[in-house]
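Peer 1: Numbering (this note's numbering), first residue to last: 56 to 260. Have a look at this one.
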Amino acid sequence: MSGKTFVILLLCWLFSKSSSAQSSNYVVLVFEESYRISMHGTKRYLWVLPEQKLDDSLLIGCLLTGYFTKEVLIKCTKGERMNVFNILPEETVILGDSLRQQVQALRKIIKNHKKKIMSVRFDWTMGQRKTITIYGVPVKGVFCNGRLDRFEEIEHDYFSTVFLPTGPFSFDEGFWETDYGKRLLRQDFSTVPYDKLGSRTFYRE
Numbered sequence: 056m057s058g059k060t061f062v063i064l065l066l067c068w069l070f071s072k073s074s075s076a077q078s079s080n081y082v083v084l085v086f087e088e089s090y091r092i093s094m095h096g097t098k099r100y101l102w103v104l105p106e107q108k109l110d111d112s113l114l115i116g117c118l119l120t121g122y123f124t125k126e127v128l129i130k131c132t133k134g135e136r137m138n139v140f141n142i143l144p145e146e147t148v149i150l151g152d153s154l155r156q157q158v159q160a161l162r163k164i165i166k167n168h169k170k171k172i173m174s175v176r177f178d179w180t181m182g183q184r185k186t187i188t189i190y191g192v193p194v195k196g197v198f199c200n201g202r203l204d205r206f207e208e209i210e211h212d213y214f215s216t217v218f219l220p221t222g223p224f225s226f227d228e229g230f231w232e233t234d235y236g237k238r239l240l241r242q243d244f245s246t247v248p249y250d251k252l253g254s255r256t257f258y259r260e
């Protein structure tokens with residue numbers, strides 16, 4: 056059996072394992088950063104807040120949806136620490152069609168169902184202005200979560216959880232009518248270091 060065939064079979068097994076895992080409730084937080092004067096447009100960063108942690112807005116983690124390799128996913132599923140920055144040349148981004156479809160479905164839910172929680176504006180001299188708008192998207196689904204490699208934790212000063220989407224996902228329609236949902240709309244997320252992992256948490260609509 057070739058190495059490529061083994062990897063594809065392994066990823067299929069990982070996806071089937073994640074699909075059979077119990078679906079839980081989460082809130083995806085979208086941090087939109089825009090400048091009045093900018094050549095880069097709006098940047099969006101994704102974080103995840105498990106519903107059972109809604110009482111503590113500090114217990115959240117970065118969500119990777121666009122750039123992680125098969126090795127990162129395998130390590131996450133096995134409960135091992137992940138290396139998401141120093142990608143080796145032989146590593147690939149092959150995730151398989153099924154998992155790729157789940158990631159795309161999650162992105163679509165985020166785009167179509169985000170609800171504004173708050174916004175913060177920073178003004179500087181010479182007319183420059185930065186606005187951070189924070190949205191919430193309640194979802195039901197399965198995420199793999201784990202920790203960064205110890206060196207990367209220290210290098211990026213990030214010691215919280217990293218989430219990888221495995222799916223399947225659906226929009227939690229009744230969430231905003233619950234006590235948790237109403238409380239979330241009053242939470243202050245302005246102190247979250249949303250760009251801690253830089254481009255690894257970028258999300259493009």
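Every residue gets a Cβ at the ideal spot worked out from N, C-alpha and C, and that includes glycine.
In whole angstroms, give me the CA-to-CA distance for W179 and R91.
Peer 2: Rounded to the nearest angstrom, the two C-alpha atoms are 11 angstroms apart.
Peer 1: For P223, I'd like the list of residues in its chain whose CB is within less than 8 angstroms of its CB, leaving aside the five on either flank, ordered along the chain.
Peer 2: Only S74, S78, Q157, A160, G196 and V197 meet the Cβ criterion.
Peer 1: Pick out the complete beta strand (DSSP E) segments inside the stretch 123 to 206, 3 residues or longer, and give them in chain order.
Peer 2: Fully enclosed beta strand (DSSP E) runs of 3 or longer: 170 to 178, 184 to 196 and 198 to 201.
Peer 1: Tell me, please, which residues DSSP counts as bridged to E87.
Peer 2: Note: E87 sits in a beta bridge opposite R99 and T188.
Peer 1: P220 bridges to which residues according to DSSP?
Peer 2: BP columns for P220 point to F198.
Peer 1: Go ahead and pull the three-state DSSP assignment for Y249.
Peer 2: Y249: coil per DSSP, three-state reduction.
Peer 1: With H, G and I counted as helix, E and B as strand and the rest as coil, what does DSSP make of G229?
Peer 2: G229 falls in the coil class under three-state DSSP.
Peer 1: V192 and C117 - do their beta-carbons sit closer together than 9 angstroms?
Peer 2: For C117 and V192, no; Cβs fall outside 9 angstroms.
Peer 1: What separation, rounded to the nearest whole angstrom, lies between the Cα atoms of L240 and M173?
Peer 2: Taking the straight line joining both Cα atoms gives about 8 angstroms.
Peer 1: Please report the Cβ distance between V83 and V103, rounded to the nearest whole angstrom; I am assuming they are in contact, meaning their Cβ atoms lie under 8 angstroms.
Peer 2: Confirmed, about 6 angstroms.
Peer 1: Taking the straight line between their C-alpha atoms, what separation do you get for T233 and S225?
Peer 2: About 17 angstroms.
Peer 1: Buried or exposed, going by whether 16 or more other CB atoms sit within 10 Å of the CB of D227?
Peer 2: It is buried - the Cβ of D227 has at least 16 other Cβ atoms within 10 Å.
Peer 1: Assign R184 to one of two classes, buried (16 or more other C-beta atoms within 10 Å of its C-beta) or exposed (fewer than that).
Peer 2: Its Cβ having fewer than 16 others within 10 Å, R184 is exposed.
Peer 1: Between which two residues does the beta strand (DSSP E) carrying L118 extend?
Peer 2: Element bounds for L118: G116 to L118.
Peer 1: For F140 and R202, what's the separation of their Cα atoms in angstroms?
Peer 2: One C-alpha to the other measures close to 13 angstroms.
Peer 1: Which one or two residues does DSSP pair with L104 in a beta bridge?
Peer 2: V82.
Peer 1: Of all the options P248, T132 and K125, which has the alpha carbon lying nearest to the alpha carbon of D212?
Peer 2: That would be P248, whose Cα lies nearest to the Cα of D212.
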